[in-house]
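Reviewing the structure listed below.
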Amino acid sequence: MYSYKERIEAVELYIKYDQCMADTIRELGYPSRNALKQWYEEYVQLGVITKNEDRCKKYSRDQMKIAVDYYLEHGRSLSRTIRALGYPTRETLTKWIDELAPNERKVRIKRSGMLQLSQKQKNEAVIELCVREDTAEAVANKHAVSRCSLYKWKNELLGQETLITMNHSNQTKLSDDRDDLLTEVEALKKEIHKKQLEIDILNKAAEIIKKDQGINLQKMTNCEKTELIDALRIKYPLNELLKMTGIPKSSYFYQKKVREQPEKYSDLRKTVKSVFDTNRKCYGYRRIYSAIINMGQVISEKVIRRIMKEEQIIVSVKKKRKYNSYRGEITPAVENVIARDFHAESPNKKWLTDITEFHIPAGKVYLSPIIDCFDGMVVSWTIGTSPNAELVNTMLADAIAVLSKKEHPVVHSDRGCHYRWDGWISAMENAELIRSMSKKGCSPDNSACEGFFGRLKNEMFYGRSWKGITIETFMNELDDYLKWYNHSRIKMSLGGMSPILYRRSLGFAA
1 MYSYKERIEA VELYIKYDQC MADTIRELGY PSRNALKQWY EEYVQLGVIT KNEDRCKKYS
61 RDQMKIAVDY YLEHGRSLSR TIRALGYPTR ETLTKWIDEL APNERKVRIK RSGMLQLSQK
121 QKNEAVIELC VREDTAEAVA NKHAVSRCSL YKWKNELLGQ ETLITMNHSN QTKLSDDRDD
181 LLTEVEALKK EIHKKQLEID ILNKAAEIIK KDQGINLQKM TNCEKTELID ALRIKYPLNE
241 LLKMTGIPKS SYFYQKKVRE QPEKYSDLRK TVKSVFDTNR KCYGYRRIYS AIINMGQVIS
301 EKVIRRIMKE EQIIVSVKKK RKYNSYRGEI TPAVENVIAR DFHAESPNKK WLTDITEFHI
361 PAGKVYLSPI IDCFDGMVVS WTIGTSPNAE LVNTMLADAI AVLSKKEHPV VHSDRGCHYR
421 WDGWISAMEN AELIRSMSKK GCSPDNSACE GFFGRLKNEM FYGRSWKGIT IETFMNELDD
481 YLKWYNHSRI KMSLGGMSPI LYRRSLGFAA
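Quick note: the sequence shown uses full-length UniProt numbering, first residue 1, plus one each step.
See below:
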């Protein structure tokens with residue numbers, strides 16, 4: 001591809017040499033004669049040479065129609081149309097013709113001078129060869145092919161066992177009896193019909209049932225065979241289709257009767273979709289199964305999985321980078337009291353906390369929650385636009401407010417700067433809470449809290465477009481989710497109950 005500057009230089013030198021292509025190309029070493037001619041004609045018509053980026057621009061619908069109309073009215077020649085209009089490429093013009101004037105494009109001719117026919121045209125030519133009253137040469141001329149091609153197609157379609165050889169001294173000549181010839185023609189017609197039926201069955205199997213074209217029909221189920229037969233009954237008799245697919249007539253009508261009956265799980269499909277949609281589209285098959293069981297319906301978990309697969313009910317999952325609040329060793333770190341033991345026998349024994357970031361087009365939002373290890377309930381949370389001391393201190397004050405005088409839980413966090421400032425430390429000491437910290441850069445030490453953030457973002461944040469959503473609106477949606485998480489969202493580890501319902505079932509205050 002030559003640059004715009006090179007093409008301008010070539011045209012100017014061509015004009016200087018009184019349009020002598022040989023001298024221009026000899027001095028510059030480029031381009032070809034046709035390219036130079038095209039550049040000069042473009043320069044004369046437009047007064048300037050089109051830049052490369054202009055050549056790649058899209059054409060309007062009117063330009064497409066002008067090009068196709070010129071092609072149809074002037075001999076259907078691609079080259080002639082492109083030379084006359086100056087656009088587009090052969091490939092592009094071919095696509096335009098197929099789009100605006102289907103079946104009007106001239107078929108390309110091979111080097112042998114013979115037309116390239118479709119499979120359907122080949123089949124018609126073979127049938128005409130077999131039932132002809134004229135010579136084979138006449139049939140070949142009619143279809144613009146050679147006699148050799150006709151007999152080659154006949155061999156491919158009918159097989160060698162039905163081949164009738166001619167014009168060989170060591171082979172038997174055809175009978176002159178007209179009745180024998182007609183009998184042989186009928187046999188060939190039946191063979192062609194049979195082959196065409198096989199082709200159509202394989203094509204329909206690939207199109208409707210999504211089977212490979214080389215599939216063994218005997219390995220297909222009766223339900224698949226019934227669907228295949230129904231698709232071809234307009235073209236072929238039922239008895240032929242039954243014989244070809246190998247399905248008994250009684251089995252075929254039984255499958256039709258079963259397919260016409262209303263689906264067994266039609267109401268269940270609506271219930272599964274409703275549970276999925278009303279729960280923020282974040283329930284997998286286990287929680288959907290548990291929710292339906294809680295409704296009083298008895299159904300197999302495998303049925304739920306199959307319905308979700310057929311209805312394309314999929315929970316979107318996406319991973320994003322984690323917010324990091326580490327700012328160095330501000331104050332001495334404390335011991336890891338939790339030691340990755342996130343199990344608690346009762347509420348308000350072990351609390352976990354951390355900060356996570358949400359990045360939306362309107363800006364950044366930060367969430368600071370406290371998670372109870374007993375049942376995963378969010379004890380308190382604060383949402384803000386800055387990960388400052390006020391964010392975490394307010395959250396801690398709200399959490400302390402729900403404690404009784406006898407409750408002094410362990411509060412585990414990472415080594416973020418928020419949990420090492422004087423305000424946080426003094427609030428912990430005044431409430432007699434026990435501090436616990438993870439190792440530096442060791443997220444598994446606080447994996448239960450990290451897991452909560454992952455579930456929250458997969459169910460509420462990822463897979464949605466937040467374009468046009470304000471910071472305030474997003475904060476309200478996040479707050480609604482956390483309330484739903486505590487009151488309505490079921491957890492399989494809690495027996496299919498929400499955290500608050502689980503606490504009430506055990507007699508704890510919620």
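From the three backbone atoms N, C-alpha and C, an ideal C-beta is built for every residue, glycine too.
Here the structure is a predicted model, which is why all the values come from computation and not from measurement.
Counting C-beta neighbours from all protein chains within 10 Å, is the total for residue 341 16 or more, i.e. buried, or is it exposed? exposed
Taking only three categories from DSSP, how would you classify residue 185? helix
How do the stretch 267-276 and the stretch 221-232 stand: do at least 3 beta-carbon pairs fall below 8 Å, yes or no? no
If you draw a straight line from the alpha carbon of residue 290 to that of residue 362, how long is it in whole angstroms? 37 Å
For residue 152 and residue 266, what's the separation of their Cα atoms in angstroms? 54 Å
Is the stretch 479-488 touching the stretch 373-385 in the sense that three or more CB pairs, one from each, lie closer than 8 Å? yes
Test item: CB-CB of residue 338 and residue 436 under 7 Å: yes
Within a Cβ cutoff of 6 Å, which residues of the same chain sit near residue 24, ignoring the five residues on either side of it in sequence? 13, 14, 17
Inter-residue Cα distance where the pair is residue 447 and residue 348: 18 Å
Whole-angstrom C-beta distance between residue 365 and residue 475, which should lie under 8 Å: 6 Å
I need the straight-line Cα distance from residue 472 to residue 356, nearest angstrom please. 17 Å
Excluding the five sequence neighbours on either side, which residues of its own chain have a C-beta within less than 8 Å of the C-beta of residue 400, listed in chain order? 427, 431, 433
Using the rule of at least 16 other Cβ atoms within 10 Å of the residue's Cβ for burial, across every protein chain shown, is residue 415 buried or exposed? buried
Residue 368 - DSSP class collapsed to helix/strand/coil: strand
Whole angstroms are fine: how far does the CA of residue 417 sit from the CA of residue 506? 37 Å
Quick check on residue 117: does DSSP put it in helix, strand or coil? coil
Give every residue of the same chain whose Cβ lies closer than 6 Å to the Cβ of residue 460, excluding the five residues on either side of it in the sequence, and list them in chain order. 481
Which runs of the alpha helix (DSSP H), 4 residues or longer, sit entirely within the stretch 422-460? 422-430, 447-456
Complete runs of the alpha helix (DSSP H) confined to the stretch 230-257 [at least 4 residues]: 238-245
Taking the alpha carbon of residue 384 as the point to measure from, which residue in 368, 398, 451 has its own alpha carbon closest? 368
Could you work out which residue in 358, 83, 120, 70 is closest to residue 105 when comparing CA atoms only? 70
Are the Cβ atoms of residue 150 and residue 129 separated by less than 7 Å? yes
Unbroken beta strand (DSSP E) run spanning residue 356, endpoints: 356-360
Backbone CA spacing between residue 294 and residue 262 [nearest angstrom]: 26 Å
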